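Engineer:
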Amino acid sequence: MKTYTLPPYSNDRLNRAIAASIVLHLFVLAAFAIRAVFLPSEPLIFEDAIRVDIVGLPDKIKQDPLTGPAAKPQTAPAPAPEPAKAAEPTVVTKPAPQLKAPKVSLDKSKPSLDKAKRAQDAAMKRLDAIERLQKMASVQPSSANTNSNTQSVSTSSQIKGNEVSQGNSLSGMQRLEHEAYIGKIHSSIMRNWNVPRWLAKANLVAKFQIYIDSQGYVVKKVVVLSSNNEIFDESAVSAIEASSPLPPPPDSLVAVLAVNGVNIEFDPHK
Amino acid sequence: MQLLFSSRPSLNQKLAFFFLLIFGLIALMPISAHAQSSSDSGLYIKITEGNVKRSLMALPPFQFVGSPKTAQSGVRVGKELYDVFRNDMDVSGYFEFIKSDAFLEDTSKVGLKPAPGEPGGFNFASWKQIGTEFLVRVGYRVLDGDLVVDAYTYYVPQAKLVLGKTYRAKSSDVRTVAHTFANDLVKAVTGQKGMFTTKLVVSRSTRPSQKEIFVMDWDGANATQVSNHKSISLSPTWSPDGKSIAYSSFAYHPKKKSRNLDLFTFELQSARRYLVSYRTGINSGANYCPDNKHLLLTISQNQNPDIYKMSIDGNSLTRLTTGRNGEMNVEPAMSPDGSKVAFSSTRSGRPMIYIMNSDGTGATRVTFAGDYNSTPAWSPDGKKIAFAAMDKTHFDIFIMNSDGTNMARLTSAKKSNGKMANNEDPSFSPDGRHILFRSDRTGKYQLYLVSLDGENEHRITFDQHEYFKPRWSPFLD
Numbered sequence: 020m021k022t023y024t025l026p027p028y029s030n031d032r033l034n035r036a037i038a039a040s041i042v043l044h045l046f047v048l049a050a051f052a053i054r055a056v057f058l059p060s061e062p063l064i065f066e067d068a069i070r071v072d073i074v075g076l077p078d079k080i081k082q083d084p085l086t087g088p089a090a091k092p093q094t095a096p097a098p099a100p101e102p103a104k105a106a107e108p109t110v111v112t113k114p115a116p117q118l119k120a121p122k123v124s125l126d127k128s129k130p131s132l133d134k135a136k137r138a139q140d141a142a143m144k145r146l147d148a149i150e151r152l153q154k155m156a157s158v159q160p161s162s163a164n165t166n167s168n169t170q171s172v173s174t175s176s177q178i179k180g181n182e183v184s185q186g187n188s189l190s191g192m193q194r195l196e197h198e199a200y201i202g203k204i205h206s207s208i209m210r211n212w213n214v215p216r217w218l219a220k221a222n223l224v225a226k227f228q229i230y231i232d233s234q235g236y237v238v239k240k241v242v243v244l245s246s247n248n249e250i251f252d253e254s255a256v257s258a259i260e261a262s263s264p265l266p267p268p269p270d271s272l273v274a275v276l277a278v279n280g281v282n283i284e285f286d287p288h289k
Numbered sequence: 036m037q038l039l040f041s042s043r044p045s046l047n048q049k050l051a052f053f054f055l056l057i058f059g060l061i062a063l064m065p066i067s068a069h070a071q072s073s074s075d076s077g078l079y080i081k082i083t084e085g086n087v088k089r090s091l092m093a094l095p096p097f098q099f100v101g102s103p104k105t106a107q108s109g110v111r112v113g114k115e116l117y118d119v120f121r122n123d124m125d126v127s128g129y130f131e132f133i134k135s136d137a138f139l140e141d142t143s144k145v146g147l148k149p150a151p152g153e154p155g156g157f158n159f160a161s162w163k164q165i166g167t168e169f170l171v172r173v174g175y176r177v178l179d180g181d182l183v184v185d186a187y188t189y190y191v192p193q194a195k196l197v198l199g200k201t202y203r204a205k206s207s208d209v210r211t212v213a214h215t216f217a218n219d220l221v222k223a224v225t226g227q228k229g230m231f232t233t234k235l236v237v238s239r240s241t242r243p244s245q246k247e248i249f250v251m252d253w254d255g256a257n258a259t260q261v262s263n264h265k266s267i268s269l270s271p272t273w274s275p276d277g278k279s280i281a282y283s284s285f286a287y288h289p290k291k292k293s294r295n296l297d298l299f300t301f302e303l304q305s306a307r308r309y310l311v312s313y314r315t316g317i318n319s320g321a322n323y324c325p326d327n328k329h330l331l332l333t334i335s336q337n338q339n340p341d342i343y344k345m346s347i348d349g350n351s352l353t354r355l356t357t358g359r360n361g362e363m364n365v366e367p368a369m370s371p372d373g374s375k376v377a378f379s380s381t382r383s384g385r386p387m388i389y390i391m392n393s394d395g396t397g398a399t400r401v402t403f404a405g406d407y408n409s410t411p412a413w414s415p416d417g418k419k420i421a422f423a424a425m426d427k428t429h430f431d432i433f434i435m436n437s438d439g440t441n442m443a444r445l446t447s448a449k450k451s452n453g454k455m456a457n458n459e460d461p462s463f464s465p466d467g468r469h470i471l472f473r474s475d476r477t478g479k480y481q482l483y484l485v486s487l488d489g490e491n492e493h494r495i496t497f498d499q500h501e502y503f504k505p506r507w508s509p510f511l512d
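Those protein sequences? They're chains D and B, same order as listed. Terminal number for the first sequence in this note's numbering: 289, no gaps in between. Terminal number for the second sequence in this note's numbering: 512, no gaps in between.
(1) Anything in the segment 207-222 of chain D with a Cβ closer than 7 Å to a Cβ of chain B? List those residues in chain order, please.
(2) Once you ignore the five residues that flank Ser370(B) on each side, which residues in its own chain have a CB closer than 6 Å to its CB?
(3) Use the C-beta contact count for Leu56(B): other C-beta atoms within 10 angstroms, 16 or more gives buried, fewer gives exposed.
(4) State yes or no: is the beta carbon of Asn279(D) nearer than 8 Å to at least one beta carbon in chain B?
(5) According to DSSP, simplified to helix, strand and coil, what is Lys104(B)?
(6) Please go through the same chain and pick out, in chain order, the residues whose beta-carbon is closer than 6 Å to the beta-carbon of Ser128(D), but skip the five residues on each side of it.
(7) Count the other CB atoms, across all protein chains shown, that sit within 10 Å of the CB of Ala36(D); report buried if there are 16 or more and exposed otherwise.
(8) If distances are taken between C-alpha atoms only, which option among Pro411(B), Ile334(B), Thr167(B) and Ser447(B) comes closest to Thr353(B)?
(9) Kindly give me the distance between the Cβ atoms of Asp438(B) and Val485(B), rounded to whole angstroms, as I take these residues to be in contact under 8 Å.
(10) With 16 other CB atoms within 10 Å as the buried threshold, where does Glu459(B) fall?
(11) Suppose the cutoff is 6 Å on Cβ atoms and the five residues either side in sequence are ignored; what does the same chain contact list for Ala255(D) look like?
(12) Any beta carbon of chain B sitting closer than 8 Å to that of Asn30(D)?
(13) Which residues in chain B have a C-beta closer than 9 Å to the C-beta of Asp286(D)? List them in chain order.
(14) Please classify Ala213(B): is it buried, with 16 or more other beta-carbons within 10 angstroms of its beta-carbon, or exposed?
(15) Thinking C-beta only, is Met455(B) closer than 8 Å to His429(B)?
(16) Mind checking which residues open and close the alpha helix (DSSP H) that includes Thr225(B)?
(17) Just reading off the alpha helix (DSSP H) that Thr161(B) is part of, what are its end residues?
(18) Is Leu147(B) helix, strand or coil by DSSP?
(19) In the DSSP assignment, find the unbroken alpha helix (DSSP H) run with Leu196(B) in it and report its ends.
(20) Grouping DSSP H, G and I as helix and E and B as strand, with all else coil, what is Ser374(B)?
(21) Would you check if the distance between the CB atom of Val237(D) and the CB atom of Ser263(D) is smaller than 8 Å?
(22) Please tell me whether, using a cut-off of 7 Å, the distance from the CB of Ser263(D) to the nearest non-hydrogen atom of the ligand NAD is below it.
(23) Terminal residues of the continuous alpha helix (DSSP H) containing Tyr200(D)?
(24) Terminal residues of the continuous beta strand (DSSP E) containing Arg468(B)?
(25) Chain D beta carbons: is any one of them nearer than 8 Å to that of Phe120(B)?
(26) Of the residues Val221(B), Gly166(B) and Leu178(B), which one's Cα is nearest the Cα of Ala93(B)?
(27) For Gln481(B) and Gln245(B), I'd like the C-alpha separation in whole angstroms.
(28) Using DSSP with H/G/I as helix, E/B as strand and the rest coil, what is Arg172(B)?
(29) Looking only at C-alpha atoms, which of Arg216(D), Asp252(D) and Val281(D) sits nearest to Lys88(B)?
(30) Using 8 Å as the threshold, is the C-beta distance between Phe463(B) and Trp507(B) below it?
(31) Determine the DSSP secondary structure at Met230(B), reduced to helix, strand or coil.
(32) For chain B, find out if any of its Cβ atoms is closer than 8 Å to the Cβ of Lys21(D); answer yes or no.
(33) Residue ranges of each beta strand (DSSP E) run of no fewer than 3 residues wholly in the segment 241-269 of chain B, ordered along the chain?
(34) Helix or strand or just coil, what does DSSP make of Thr356(B)?
(35) For Glu168(B), count the other beta carbons within 10 Å of its own beta carbon; 16 or more makes it buried, fewer makes it exposed. Which is it?
(36) Okay, do the segment 105-117 of chain B and the segment 132-145 of chain B touch, 3+ Cβ pairs below 8 Å being the bar?
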């Protein structure tokens, strides 16, 4: 009988395949690591869900417009970027690598991992510094503007939840800061706006674009839409001027407020 | 590629490499847009309410500029002119007055027009300094029994003349002059029509057991009796053009030798009176329809008091409600656009406010609280209804949207004995800014008005009569 011997199995192809696979895996890993270091995305908030009940508030209760929904960014001592600690109920305010990378420790990869870790530490330090500055800024008391010689006649019911906000594509901490600050601008201007009664029902609307610097000062006012009534426009301008300086804006808003500004519409309707 | 693969790459390998490259690029893209995203929504804040406040008005005494011979009578007329005008401005709710001891200028020594244009004129700066917004300068004289009034109203922050007008009328018509000036000022400042030349119609006690119908100025002056049945007359109402009133009176029927509550109409100018409905029982609670050809009223000839629509001559009659078993449907009030009728009905057991279509269909209940809800009154824009509701021991005036939502209480007063007073029979002013009602807080039912937010109550009558079912006239000019 003739024995048929297979040609000796060549490991060459297998080795080539393994090498290619490893290289491509590393390529993908490097791609994500680079993204995590240089383009930090929104940190995940690992917090309990907040329960919100919408209830109708009764009439004639005057809400104090001084306090808006001020959310202070919580800080937790940042542990080393360990992906397995996802279940910890603390707010992690530093960029954590998004993927649960397998603990592959290869000699080849060590230098790149170290580099990534160093870059992350630097980013963490930067964020800590910013937080500290924010904390200092938010301790400043918001000045109560008491216009004691005017009586605030508030007849419209102050039911929250009646108006749908514009919405934006922010999320998480940034969104909370953003909305808190917008609320502060709104309540400050509303508090300072005095309308003579004979103009209150005149169906007048005025729109302004205001630019706020990093200290909270209103540096520029632009009339977008005049009500064609000098006195009404003046009352709106006075309200804006009396509100300046506003509290300093959060970091995420500084650029937007200085460059794009905020559009304020004055439209008294009851 | 030669470095990666020891041999020339096959098609599969090329594809694999290509896809992994694409995947790597995708991995580098950020998952969500951040910091720049706030610009795509555009930061936007809408301020919908501010602090509404009255404007400061300086109203120095009016200046007599006539001849010294007419001074004595002239000054008396001028004082009445001033008092009536000042009261109008106060009740309008737009102004509050600066105290005269704060004035920096003695207005009797300067002219009615500003310096430097006018020699010896007043100084804007001295008024600006005390925060004046509106300055009213009036000079008057009596000429051949006529009153001539020069009135100048200035908006001080802009040193602008808002209204400059001269009025001339018989001295006896001084109140009308003041009211006309007040209307003109309100129109010039707010663009809205003023209500100061409107009137009220009301049933007033004359003798202990008698009530007659009276017409008076909105501020209670010039009360004129327009009925003389020597009986009980009540539930008066205005026609839409303000030229006639309708009312009910217990008139004597000689054939039946008894009294019946009949419906009359009365033309104010010609003083002609018409007996419109004398069906057996009640013919009362009249309310004109906006077309001025029909009116709604309660008739009880078929046992049940029900609401009917009747032509003004009393002939054509359409039944709108059909109550049974003693159910009462009373006090109809037609909406200003003529599409709906509000009324009070006991069909649920207690009197409650209902709204039905003007043909009687689709009656829906709109009040559910309180023990006794009655006398609904529509606002001139048809958006709100005021009514009187019994709150355990006393009546108060309430206001709500015409669909029954957003109810608010407008009155709450105590009598001198500590008990809660009754506030009843609401009626809107034609400009929709005030509600007329009657209250027994002083012991007798007197007339009052209140602004729509419940603030600024103002007493209208100051006498010992009792008043019932007042109604505010439409605009009369």
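Every residue, glycine too, gets a C-beta built ideally from N, C-alpha and C. None of the values given here were measured: they were computed from a predicted structure.
Structural biologist: Taking the structure as given:
(1) Ile208, Met209, Trp212, Asn213, Val214, Pro215, Arg216, Trp217, Ala219 and Ala221
(2) Trp413 and Gly417
(3) exposed
(4) yes
(5) Correct three-state label for Lys104(B): helix.
(6) Confidence in Ser128(D) is poor, its pLDDT being 46 and thus under 50, which makes the residue's placement unreliable; the coordinate value appears in the next sentence. The answer is none, since no qualifying residue turns up.
(7) exposed
(8) The candidate whose alpha carbon is nearest that of Thr353(B) is Ile334(B).
(9) Not quite, the Cβ-Cβ distance comes to about 23 Å (not below 8 Å), so this is no contact.
(10) buried
(11) Closer than 6 Å at the Cβ level, and outside the excluded window around Ala255(D), lie Ala225 and Phe285.
(12) no
(13) Lys81, Ile82 and Thr83
(14) buried
(15) The beta carbons of His429(B) and Met455(B) sit closer together than 8 Å.
(16) Val209 to Thr225
(17) The residue asked about is misnamed: residue 161(B) is Ser in this sequence, not Thr. Unbroken alpha helix (DSSP H) run through Ser161(B): Phe159 to Gln164.
(18) coil
(19) Here Leu196(B) belongs to no alpha helix (DSSP H); instead the beta strand (DSSP E) covers Lys195 to Lys205.
(20) For Ser374(B), the three-state secondary structure derived from DSSP is coil.
(21) yes
(22) With respect to the ligand NAD, the structure shown offers nothing to examine, as it has no ligands at all.
(23) Gly191 to Asn211
(24) From DSSP, Arg468(B) is part of no beta strand (DSSP E); its letter is neither H nor E.
(25) Not closer than 8 Å to any Cβ of chain D, the Cβ of Phe120(B) fails to qualify, so no.
(26) Gly166(B)
(27) 17 Å
(28) In the structure shown, Arg172(B) falls within a strand segment according to DSSP collapsed to helix, strand and coil.
(29) Arg216(D)
(30) yes
(31) coil
(32) No, Lys21(D) does not count as interfacial toward chain B.
(33) Within the segment 241-269 of chain B, complete beta strand (DSSP E) segments of at least 3 residues are found at 246-252, given in chain order.
(34) coil
(35) buried
(36) no
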